[in-house]
Amino acid sequence: MAYKDFGVVNTRDMFARAMAGGYAVPAFNFYNLETIQAIIQAARTCHSPVILAVSESALAYMGDAMLMAMVSGLGLDGSEPVALHLDHGSSFDACRHAIDLGFSSVMIDASKLDINANIDLSRRVVDYAHAHDVTVEAELGVLSGIEDENTASAYGHYTNPADVVHFVHESGVDSLAIAIGTSHGAYKRQRDDEELRFDILRDIADALPNFPLVLHGASCIPSHLVDIINEYGGCIGGARGIAPDQLRRATSMNVCKINVDSDSRLAFTAAVRRTLGQKPDVFDPRQYLGAARDMITENCIDEIRHIMNSENKY
Numbered sequence: 019m020a021y022k023d024f025g026v027v028n029t030r031d032m033f034a035r036a037m038a039g040g041y042a043v044p045a046f047n048f049y050n051l052e053t054i055q056a057i058i059q060a061a062r063t064c065h066s067p068v069i070l071a072v073s074e075s076a077l078a079y080m081g082d083a084m085l086m087a088m089v090s091g092l093g094l095d096g097s098e099p100v101a102l103h104l105d106h107g108s109s110f111d112a113c114r115h116a117i118d119l120g121f122s123s124v125m126i127d128a129s130k131l132d133i134n135a136n137i138d139l140s141r142r143v144v145d146y147a148h149a150h151d152v153t154v155e156a157e158l159g160v161l162s163g164i165e166d167e168n169t170a171s172a173y174g175h176y177t178n179p180a181d182v183v184h185f186v187h188e189s190g191v192d193s194l195a196i197a198i199g200t201s202h203g204a205y206k207r208q209r210d211d212e213e214l215r216f217d218i219l220r221d222i223a224d225a226l227p228n229f230p231l232v233l234h235g236a237s238c239i240p241s242h243l244v245d246i247i248n249e250y251g252g253c254i255g256g257a258r259g260i261a262p263d264q265l266r267r268a269t270s271m272n273v274c275k276i277n278v279d280s281d282s283r284l285a286f287t288a289a290v291r292r293t294l295g296q297k298p299d300v301f302d303p304r305q306y307l308g309a310a311r312d313m314i315t316e317n318c319i320d321e322i323r324h325i326m327n328s329e330n331k332y
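Just add 18 to the spot in the sequence shown (first one is 1) and you have the working numbering.
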């Protein structure tokens, strides 16, 4: 089905508005009913554009029909800036499958290939996606860390600013994910004073003026969520995220999409652990899953307001 049948939009207009307004569109990953409900509630509360991001593993977990039924159940009609995005698509077939399901945006992640192979695969996805008015994100440079099987890398390397113009021109992509020191998972930094490579970001932004840039692996890893998890039997030590002030700075340099996944996972887990820890007699899943949904909503609202600066942008 066409994505417009589900009331979602592609990212072209929302990115143009974000760059003009100096803010970022949040891309929050979801995996089930509670997480998609939390994200859309936060976006509607804040009147913020939002990207509903789905990894290949999350799509497999939910199933094609169930996922699209949940999106349909949001009651979108195209008037709200909500995109449905495939996160880290690993192949042309994965991207084509998402487009045919009704996704309005896809990412082809061929960043582990050499640049020419990355261009060739990205161009192939672009040709198919643009024929369906779907926008395409690609990645140049590699992020370290692990969130799922498609984002597992022991080592990362920064994006080379000298490559970006050639890559974007030859691939035809609509946005570009870059590597400037973010990473996947909950362990993004060794020290609190580590900074992103803003020198690289500035060079890329100068080389690609008015072109949408994307930060993956940009969760903040809120310490209060880690503390709750550990208080109620968890064991997450030494987790550090990206400082909010660094993310806000990046939005002034063409970064118009910031991906958040780990923060929502932490919020979900913290709420479930605390609910069951405080109320050991609870066995109704709606009580702890409802608490998880509410905590994700709260965290998404906080990041929309204080990191993305995307509140009241539609």
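Glycine included, C-beta positions come from ideal geometry on N, C-alpha and C.
Report the three-state DSSP secondary structure of residue i (helix, strand or coil).
i	result
Ile196	strand
Leu219	helix
Cys274	strand
Thr153	strand
Ala261	coil
Ser66	coil
Val100	strand
His234	coil
Asn341	Residue 341 is absent from the structure shown; the chain starts at 19 and stops at 332.
Phe48	coil
Val290	helix
Ala71	strand
Skipping 5 residues on each side, what residues in its chain have a beta carbon closer than 6 Å to that of residue i?
i	result
Gly295	Tyr250
Asn327	Tyr41
To the nearest angstrom, how far is it from the Cα of residue i to the Cα of residue j?
i	j	result
Ala310	Leu102	22 Å
Arg267	Thr287	29 Å
Leu77	Ala61	22 Å
Gly231	Val300	Strictly speaking, residue 231 in this sequence is Leu, with Gly absent from that position. Roughly 45 Å separates the two Cα atoms.
Excluding sequence positions up to five away, which residues of its chain have a Cβ less than 7 Å from the Cβ of residue i?
i	result
Ser189	Ile137, Ser140, Arg141, Val144 and Ala156
Asp82	Leu119
Thr269	Gly40, Tyr41, Ala42 and Asn327
Gly96	Lys22, Gly25 and Val27
To which residues does DSSP link residue i through a beta bridge?
i	result
Gly107	Ile126
Leu158	Ile196
Ile54	Answer is none; Ile54 lacks a bridge partner.
Val183	According to DSSP, Val183 bridges with nothing at all.
Contact defined as beta carbons within less than 8 Å: I believe residue i pairs with residue j. What is the distance between those atoms, to the nearest angstrom?
i	j	result
Met37	Pro99	Wrong, their Cβ atoms sit about 14 Å apart, outside the cutoff.
Gln264	Glu329	Wrong, their Cβ atoms sit about 20 Å apart, outside the cutoff.
Ala197	Val160	6 Å
Ser193	Thr63	So it is not a contact: roughly 26 Å between Cβ atoms.
Val68	Ile57	6 Å
Can you find the residues in the same chain that come closer than 8 Å, C-beta to C-beta, to residue i, ignoring five residues on each side of it along the sequence?
i	result
Asp281	Ser237, Cys238, Ile239, Pro240, Leu243, Gly259, Asn317 and Glu321
Does residue i have its Cβ less than 8 Å from a Cβ in chain C?
i	result
Cys274	Here there is only one protein chain, and chain C is not present.
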